[in-house]
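Residue numbers (the numbering used here): 17 to 294.
Rendered as structure tokens:
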């Protein structure tokens, strides 16, 4: 996980290799927060110092050679709503009010704007269209995944930018994996209805304790993205479980065991490079 000095991050290699866009997933390391928020906390919904959080955003933005005023935050409420981000959205959630709510996915074709979604176990989904020079980013927890958030992102990019599924690159970032994600029968039933019993038994749901199951959230998102027409060779996966690596990534379930639920947020970040052109 290369990075500058103490700032550590996971690069999204298949998107970065295109040359027109850059994408990363932040870790806990390289910021100024302390305690359960150590150290690069990017979450606003906790009692970490506001000054510390904003400084952490400044540090993260510096990796892209920019500042918080060129970043755009989502407003995540576990929906499948996607917003088309334009130049007028620069700084929303950081240097100016959001002005919207219920946005779990964002897309843009504007170079120099950094899209950011926040995560502490839910799945980050990255998208890049190297033909039409557009990118997207989504937050997909179990509710978003049950609503096929990945497919919604593909549909919006087709509508707004003329994207073709076969050209699209996608990546599944660090997320809680089936080794740590226990769910109840009511949630399992939604995935069985979505994918069918045979697919769930093979790929999505593993036996847990009693009537509970272990959810393969990344596997469910992978199935959705492939069904949306993304080619297998264009789909990457970090393979990282945030809960297993709660010392490196913020994880809600790790925090419930180790810090009474207090924790920060990591961020998925993506930007079209300023020199990108059609």
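Idealized CB from N, CA, C, for every residue including glycine. Quantities reported herein were computed from a predicted structural model and do not represent experimental measurements.
- When DSSP states are grouped into helix, strand and coil, residue 25 belongs to the strand group.
- Taking 9 Å as the cut-off, the beta carbon of residue 107 is found closer than this to the beta carbon of residue 84.
- Counting only residues of its own chain and dropping the five nearest sequence neighbours on each side, residue 287 has a CB closer than 6 Å to the CB of 38, 80 and 130.
- Your pair residue 271 and residue 52 checks out as a contact, with CB atoms roughly 7 Å apart and the cut at 8 Å.
- For the 9 Å CB-CB criterion, residue 155 and residue 135 form a contact.
- Around the beta carbon of residue 173, a 10 Å sphere encloses 16 or more other beta carbons of the protein chains shown; the residue is thus reported as buried.
- Under the 8 Å Cβ criterion, the segment 238-256 does not count as touching the segment 98-107, having fewer than three qualifying pairs.
- In this structure, the alpha-carbon of residue 292 lies about 45 Å from that of residue 229.
- In this structure, residue 269 places its C-beta atom within 9 Å of the C-beta atom of residue 197.
- Annotated as distal: residue 208 and residue 139, with beta-carbon spacing of 9 Å or more.
- In the DSSP annotation of this structure, the continuous segment of the beta strand (DSSP E) that includes residue 223 starts and ends at 221-223.
- Distance from the CA atom of residue 92 to the CA atom of residue 118, rounded to whole angstroms, is 6 Å.
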